[in-house]
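Sequential numbering from 11 applies to the sequence shown in the numbering used here.
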Amino acid sequence: MGKIIAIANQKGGVGKTTTSVNLAASLGVLEKKVLLIDADPQANATSGLGIDVDSVEHGTYELLEHTMEAKDMIIHTSSPNLDLIAAHINLVAIEIELVDKEEREFMLKKALEPIKDQYDYILIDCAPSLGLITLNALTAANSVIVPIQCEYFALEGLGKLLNTIKSVQKSFNPNLDIEGLLLTMYDPRLRLSNQVVEEVQKHFSNMVFKTIIQRNVRLSEAPSFGETIINYDAASKGATNHISLAQEIIDKNKTE
11 MGKIIAIANQ KGGVGKTTTS VNLAASLGVL EKKVLLIDAD PQANATSGLG IDVDSVEHGT
71 YELLEHTMEA KDMIIHTSSP NLDLIAAHIN LVAIEIELVD KEEREFMLKK ALEPIKDQYD
131 YILIDCAPSL GLITLNALTA ANSVIVPIQC EYFALEGLGK LLNTIKSVQK SFNPNLDIEG
191 LLLTMYDPRL RLSNQVVEEV QKHFSNMVFK TIIQRNVRLS EAPSFGETII NYDAASKGAT
251 NHISLAQEII DKNKTE
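Structural data, given as C-alpha coordinates:
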(Lines of atoms letter the chains of each structure in order from A; the text may use other names.)
(Lines give C-alpha, C1' and ligand atoms only; values in the text may rest on other atoms or scores of the structure.)
Protein backbone atom coordinates (compact mmCIF):
# COMPACT_ATOMS: atom_id res chain seq x y z
CA MET A 11 0.00 0.00 0.00
CA GLY A 12 1.34 3.44 -0.96
CA LYS A 13 2.19 5.89 1.77
CA ILE A 14 0.66 9.33 1.25
CA ILE A 15 2.83 12.21 2.48
CA ALA A 16 1.75 15.86 2.42
CA ILE A 17 4.46 18.54 2.29
CA ALA A 18 2.89 21.47 4.12
CA ASN A 19 3.64 24.79 5.77
CA GLN A 20 1.34 27.81 5.56
CA LYS A 21 4.41 30.03 5.40
CA GLY A 22 5.55 30.72 1.83
CA GLY A 23 9.12 30.52 0.57
CA VAL A 24 10.27 27.70 2.86
CA GLY A 25 11.08 25.20 0.11
CA LYS A 26 7.87 23.12 -0.06
CA THR A 27 7.82 22.75 -3.84
CA THR A 28 11.60 22.31 -4.10
CA THR A 29 11.32 19.54 -1.51
CA SER A 30 8.27 17.93 -3.15
CA VAL A 31 9.73 17.79 -6.65
CA ASN A 32 13.25 16.72 -5.70
CA LEU A 33 12.22 14.26 -2.98
CA ALA A 34 9.81 12.66 -5.46
CA ALA A 35 12.58 12.42 -8.08
CA SER A 36 15.04 11.04 -5.51
CA LEU A 37 12.61 8.34 -4.34
CA GLY A 38 12.13 7.44 -8.01
CA VAL A 39 15.88 7.13 -8.56
CA LEU A 40 15.99 4.86 -5.50
CA GLU A 41 13.54 2.59 -7.38
CA LYS A 42 10.36 3.54 -5.57
CA LYS A 43 7.23 4.17 -7.64
CA VAL A 44 6.11 7.72 -6.88
CA LEU A 45 3.12 9.94 -7.68
CA LEU A 46 3.45 13.68 -7.07
CA ILE A 47 0.22 15.66 -6.73
CA ASP A 48 0.49 19.40 -7.32
CA ALA A 49 -2.09 20.87 -4.91
CA ASP A 50 -0.97 24.48 -5.25
CA PRO A 51 -2.74 26.82 -7.72
CA GLN A 52 0.64 28.39 -8.53
CA ALA A 53 1.47 25.04 -10.20
CA ASN A 54 5.22 25.35 -9.56
CA ALA A 55 5.64 21.60 -9.04
CA THR A 56 4.06 21.06 -12.47
CA SER A 57 6.34 23.54 -14.27
CA GLY A 58 9.32 22.33 -12.20
CA LEU A 59 8.91 18.92 -13.83
CA GLY A 60 8.99 20.45 -17.29
CA ILE A 61 5.22 20.39 -17.90
CA ASP A 62 3.73 23.44 -19.64
CA VAL A 63 1.04 24.57 -17.19
CA ASP A 64 -1.07 26.12 -19.98
CA SER A 65 -1.25 22.76 -21.72
CA VAL A 66 -2.68 20.99 -18.65
CA GLU A 67 -6.25 19.93 -19.42
CA HIS A 68 -7.02 17.78 -16.40
CA GLY A 69 -5.45 17.72 -12.96
CA THR A 70 -5.91 18.37 -9.27
CA TYR A 71 -9.01 20.51 -9.87
CA GLU A 72 -10.89 17.60 -11.46
CA LEU A 73 -9.45 15.25 -8.83
CA LEU A 74 -11.00 17.31 -6.02
CA GLU A 75 -14.23 17.89 -7.95
CA HIS A 76 -14.59 14.14 -8.67
CA THR A 77 -15.38 14.92 -12.31
CA MET A 78 -12.68 12.49 -13.53
CA GLU A 79 -10.94 9.44 -12.16
CA ALA A 80 -7.39 9.84 -10.87
CA LYS A 81 -6.02 7.22 -13.27
CA ASP A 82 -7.14 9.30 -16.27
CA MET A 83 -5.13 12.40 -15.32
CA ILE A 84 -1.76 10.85 -14.47
CA ILE A 85 1.16 12.27 -16.47
CA HIS A 86 4.32 10.18 -16.87
CA THR A 87 7.34 12.45 -16.39
CA SER A 88 10.90 12.17 -17.75
CA SER A 89 12.15 11.31 -14.24
CA PRO A 90 12.45 7.56 -13.51
CA ASN A 91 9.43 6.04 -11.70
CA LEU A 92 7.80 9.45 -11.21
CA ASP A 93 4.23 10.28 -12.24
CA LEU A 94 2.42 13.60 -11.77
CA ILE A 95 -1.11 14.89 -11.30
CA ALA A 96 -0.69 18.46 -12.46
CA ALA A 97 -2.19 21.75 -11.26
CA HIS A 98 -3.59 24.65 -13.24
CA ILE A 99 -4.63 28.17 -12.25
CA ASN A 100 -8.29 27.00 -12.21
CA LEU A 101 -7.45 25.29 -8.91
CA VAL A 102 -7.90 28.73 -7.30
CA ALA A 103 -11.67 28.30 -7.63
CA ILE A 104 -11.86 24.95 -5.86
CA GLU A 105 -12.00 26.41 -2.32
CA ILE A 106 -15.28 28.18 -3.19
CA GLU A 107 -16.72 25.31 -5.21
CA LEU A 108 -16.18 22.71 -2.47
CA VAL A 109 -17.80 24.78 0.28
CA ASP A 110 -21.31 23.33 -0.25
CA LYS A 111 -20.20 19.75 -0.90
CA GLU A 112 -20.88 17.02 1.61
CA GLU A 113 -17.73 15.65 3.27
CA ARG A 114 -15.74 18.32 1.44
CA GLU A 115 -12.63 17.56 3.53
CA PHE A 116 -12.53 13.97 2.20
CA MET A 117 -12.67 14.68 -1.55
CA LEU A 118 -8.96 14.01 -2.16
CA LYS A 119 -8.87 10.96 0.11
CA LYS A 120 -11.75 9.36 -1.81
CA ALA A 121 -10.26 10.27 -5.20
CA LEU A 122 -6.92 8.60 -4.36
CA GLU A 123 -8.45 5.39 -2.99
CA PRO A 124 -8.47 3.49 -6.33
CA ILE A 125 -4.81 4.27 -7.20
CA LYS A 126 -2.94 4.46 -3.90
CA ASP A 127 -1.84 0.82 -4.00
CA GLN A 128 -0.13 1.37 -7.36
CA TYR A 129 2.59 3.55 -5.78
CA ASP A 130 5.14 3.22 -3.00
CA TYR A 131 4.79 6.92 -2.18
CA ILE A 132 2.26 9.60 -3.06
CA LEU A 133 3.56 13.11 -2.27
CA ILE A 134 1.24 16.13 -2.13
CA ASP A 135 2.76 19.57 -2.67
CA CYS A 136 0.47 21.87 -0.65
CA ALA A 137 -0.24 25.56 -1.15
CA PRO A 138 1.19 28.07 1.39
CA SER A 139 -2.12 28.30 3.27
CA LEU A 140 -4.25 26.31 5.67
CA GLY A 141 -7.28 26.41 3.35
CA LEU A 142 -9.58 23.66 2.13
CA ILE A 143 -7.08 22.20 -0.38
CA THR A 144 -4.43 21.78 2.32
CA LEU A 145 -7.08 20.38 4.68
CA ASN A 146 -7.96 17.80 1.99
CA ALA A 147 -4.26 16.91 1.66
CA LEU A 148 -3.86 16.42 5.43
CA THR A 149 -7.05 14.37 5.60
CA ALA A 150 -5.85 12.11 2.76
CA ALA A 151 -2.27 11.77 4.04
CA ASN A 152 -0.67 9.20 6.31
CA SER A 153 1.92 11.74 7.37
CA VAL A 154 3.18 15.27 6.81
CA ILE A 155 6.64 16.73 6.14
CA VAL A 156 7.05 20.31 7.40
CA PRO A 157 9.86 22.26 5.66
CA ILE A 158 11.39 24.92 7.94
CA GLN A 159 13.63 27.61 6.50
CA CYS A 160 16.88 28.21 8.42
CA GLU A 161 16.16 31.93 8.76
CA TYR A 162 14.94 34.43 11.34
CA PHE A 163 11.19 33.80 11.15
CA ALA A 164 11.59 30.03 10.87
CA LEU A 165 9.49 29.09 13.87
CA GLU A 166 6.85 31.72 13.20
CA GLY A 167 3.60 29.96 12.38
CA LEU A 168 4.96 26.50 13.16
CA GLY A 169 2.85 26.33 16.32
CA LYS A 170 -0.23 27.24 14.26
CA LEU A 171 0.52 24.50 11.74
CA LEU A 172 1.06 21.91 14.49
CA ASN A 173 -2.28 22.95 16.03
CA THR A 174 -3.94 22.52 12.63
CA ILE A 175 -2.43 19.03 12.36
CA LYS A 176 -3.84 18.22 15.82
CA SER A 177 -7.27 19.50 14.74
CA VAL A 178 -7.16 17.34 11.60
CA GLN A 179 -6.15 14.33 13.72
CA LYS A 180 -9.08 14.98 16.05
CA SER A 181 -11.76 15.71 13.44
CA PHE A 182 -10.85 13.96 10.18
CA ASN A 183 -7.72 11.80 10.25
CA PRO A 184 -6.74 10.24 13.60
CA ASN A 185 -3.90 8.31 11.90
CA LEU A 186 -2.06 11.40 10.60
CA ASP A 187 1.58 11.40 11.75
CA ILE A 188 4.35 13.94 11.40
CA GLU A 189 6.88 12.33 9.08
CA GLY A 190 9.39 14.95 10.13
CA LEU A 191 10.43 18.58 10.28
CA LEU A 192 12.85 19.33 7.44
CA LEU A 193 15.41 22.12 7.79
CA THR A 194 15.88 23.86 4.42
CA MET A 195 17.98 26.68 2.90
CA TYR A 196 20.77 26.04 5.40
CA ASP A 197 23.99 28.03 5.02
CA PRO A 198 26.66 26.64 7.37
CA ARG A 199 28.62 29.93 7.14
CA LEU A 200 25.83 31.91 8.79
CA ARG A 201 25.55 32.05 12.55
CA LEU A 202 21.79 32.55 12.27
CA SER A 203 21.37 29.36 10.22
CA ASN A 204 23.23 27.39 12.86
CA GLN A 205 21.16 28.96 15.65
CA VAL A 206 17.91 27.98 13.92
CA VAL A 207 19.15 24.38 13.49
CA GLU A 208 20.09 24.20 17.20
CA GLU A 209 16.77 25.72 18.28
CA VAL A 210 14.62 23.38 16.16
CA GLN A 211 16.63 20.30 17.17
CA LYS A 212 16.46 21.30 20.85
CA HIS A 213 12.68 21.81 20.86
CA PHE A 214 11.62 19.01 18.52
CA SER A 215 14.54 16.50 18.74
CA ASN A 216 13.23 13.20 17.27
CA MET A 217 10.75 14.94 14.96
CA VAL A 218 13.58 16.58 12.96
CA PHE A 219 15.10 14.84 9.92
CA LYS A 220 18.84 14.20 10.21
CA THR A 221 19.19 15.37 6.60
CA ILE A 222 19.41 19.17 6.22
CA ILE A 223 18.84 20.77 2.81
CA GLN A 224 21.63 23.27 2.18
CA ARG A 225 21.41 26.44 0.10
CA ASN A 226 22.63 25.51 -3.37
CA VAL A 227 22.77 27.57 -6.56
CA ARG A 228 22.15 24.54 -8.79
CA LEU A 229 19.06 23.68 -6.74
CA SER A 230 17.70 27.20 -7.34
CA GLU A 231 18.47 27.05 -11.08
CA ALA A 232 16.91 23.65 -11.85
CA PRO A 233 13.20 24.71 -11.88
CA SER A 234 13.84 27.41 -14.51
CA PHE A 235 14.94 24.59 -16.84
CA GLY A 236 11.92 22.45 -15.92
CA GLU A 237 14.19 19.83 -14.40
CA THR A 238 14.63 18.15 -11.05
CA ILE A 239 18.01 18.59 -9.38
CA ILE A 240 18.72 14.91 -10.10
CA ASN A 241 18.41 15.52 -13.86
CA TYR A 242 19.98 18.97 -13.78
CA ASP A 243 23.10 18.26 -11.72
CA ALA A 244 23.25 14.89 -10.00
CA ALA A 245 26.64 15.71 -8.45
CA SER A 246 25.46 18.89 -6.73
CA LYS A 247 24.98 19.35 -3.01
CA GLY A 248 21.24 19.82 -3.63
CA ALA A 249 21.00 16.40 -5.31
CA THR A 250 22.98 14.58 -2.60
CA ASN A 251 20.88 16.24 0.13
CA HIS A 252 17.61 15.09 -1.45
CA ILE A 253 18.87 11.56 -2.13
CA SER A 254 19.90 11.43 1.55
CA LEU A 255 16.42 12.62 2.60
CA ALA A 256 14.75 10.02 0.37
CA GLN A 257 16.92 7.27 1.85
CA GLU A 258 16.12 8.47 5.38
CA ILE A 259 12.37 8.26 4.64
CA ILE A 260 12.72 4.78 3.08
CA ASP A 261 14.73 3.54 6.08
CA LYS A 262 12.26 5.06 8.55
CA ASN A 263 9.30 3.41 6.85
CA LYS A 264 11.02 0.03 6.79
CA THR A 265 11.14 -0.02 10.57
CA GLU A 266 7.59 1.23 11.20
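Every residue, glycine too, gets a C-beta built ideally from N, C-alpha and C.
TODO: Note the first and the last residue of the continuous alpha helix (DSSP H) segment covering residue 240.
DONE: Element bounds for residue 240: 239-242.
Open item on the list: Measuring alpha carbon to alpha carbon, tell me which residue in 145, 202 and 161 is nearest residue 180.
Closed with: Cα-wise, what sits closest to residue 180 is 145.
- [ ] Tell me whether residue 186 sits in a helix, a strand or coil according to DSSP, three-state version.
- [x] Coil at residue 186, not helix or strand.
Task: Through-space distance from residue 19 to residue 7, alpha-carbon basis - done: Lying outside 11 to 266, the shown extent of the chain, residue 7 is not represented and no answer is given.
Open item on the list: Whole angstroms are fine: how far does the CA of residue 15 sit from the CA of residue 219?
Closed with: Their backbone Cα atoms lie some 15 Å apart in a straight line.
Task: Same chain only: Cβ atoms within 6 Å of residue 22, ignoring 5 sequence neighbours per side - done: Closer than 6 Å at the Cβ level, and outside the excluded window around residue 22, lie 138.
TODO: Give me whichever residues DSSP pairs with residue 93 in a beta bridge.
DONE: For residue 93, the pairing in a beta bridge is given by DSSP as 45 and 86.
TODO: Go to residue 30, then tell me how far its beta strand (DSSP E) extends in each direction, as first and last residue.
DONE: First-last for residue 30: 26-39, but that is the alpha helix (DSSP H), not the beta strand (DSSP E).
Task: Run of the alpha helix (DSSP H) containing residue 227, from where it starts to where it stops - done: Looking at the DSSP string, the run of the alpha helix (DSSP H) that includes residue 227 is 227-231.
TODO: For residue 184, count neighbouring Cβ atoms within 10 angstroms of its own Cβ and tell me buried if that reaches 16, exposed if not.
DONE: With fewer than 16 Cβ atoms within 10 Å of its Cβ, residue 184 is classed as exposed.
Task: Element boundaries [beta strand (DSSP E), containing residue 321] - done: The first residue shown for the chain is 11 and the last is 266, placing residue 321 beyond what the model contains.
- [ ] Would you decide whether residue 189 is buried or exposed? Buried here means 16 or more other CB atoms lie within 10 Å of its CB.
- [x] With 16 or more Cβ atoms within 10 Å of its Cβ, residue 189 is classed as buried.
Task: Cβ neighbours of residue 164 in the same chain (closer than 6 Å, five flanking residues each side left out) - done: Here the set comprises 158 and 206.
Task: CB contact flag (residue 125, residue 29, <8 Å) - done: At least 8 Å separates the beta-carbon of residue 125 from that of residue 29.
TODO: Report all residues from its chain with a CB closer than 7 Å to the CB of residue 270; omit the five preceding and five following residues, and keep chain order.
DONE: Any property of residue 270 remains undetermined from this structure, which presents the chain solely from 11 to 266.
Task: Paired residues, beta bridge with residue 207 - DSSP - done: Residue pairing by DSSP places residue 207 in no beta bridge whatsoever.
TODO: Using three-state DSSP, classify residue 285 as helix, strand or coil.
DONE: Absent from the model: residue 285. The displayed extent of the chain is 11 to 266, so no value can be given.
Open item on the list: Between 97, 84 and 140, which has its C-alpha nearest residue 128's C-alpha?
Closed with: The candidate whose alpha carbon is nearest that of residue 128 is 84.
Task: residue 141 versus 240, 51, 31 and 45, residue with shortest Cα-Cα distance - done: When only C-alpha atoms are compared, the closest one is 51.
- [ ] Measure the C-alpha to C-alpha separation of residue 247 and residue 231 and round it to an integer number of angstroms.
- [x] CA-CA distance, residue 247 to residue 231, rounds to 13 Å.
Task: Three-way DSSP call (helix, strand, coil) for residue 52 in this model - done: In the displayed model, residue 52 falls within coil according to three-state DSSP, outside both helix and strand.
TODO: On the DSSP bridge assignment, give the partners of residue 14 in chain order.
DONE: 132.
Open item on the list: Which residues does DSSP list as the beta-bridge partners of residue 158?
Closed with: BP columns for residue 158 point to 193.
- [ ] Using a threshold of 8 Å, state whether the C-beta atoms of residue 118 and residue 147 are closer than that.
- [x] Yes.
Task: Whole-angstrom distance between residue 245 and residue 215, CA atom to CA atom - done: Looking at the two C-alpha atoms, the distance is approximately 30 Å.
Task: Secondary structure of residue 153, DSSP reduced to three states - done: Strand at residue 153.
- [ ] Inspect the beta-carbon positions of residue 48 and residue 70 and report whether they are closer than 8 Å.
- [x] Result yes, Cβ atoms of residue 48 and residue 70 sit closer than 8 Å.
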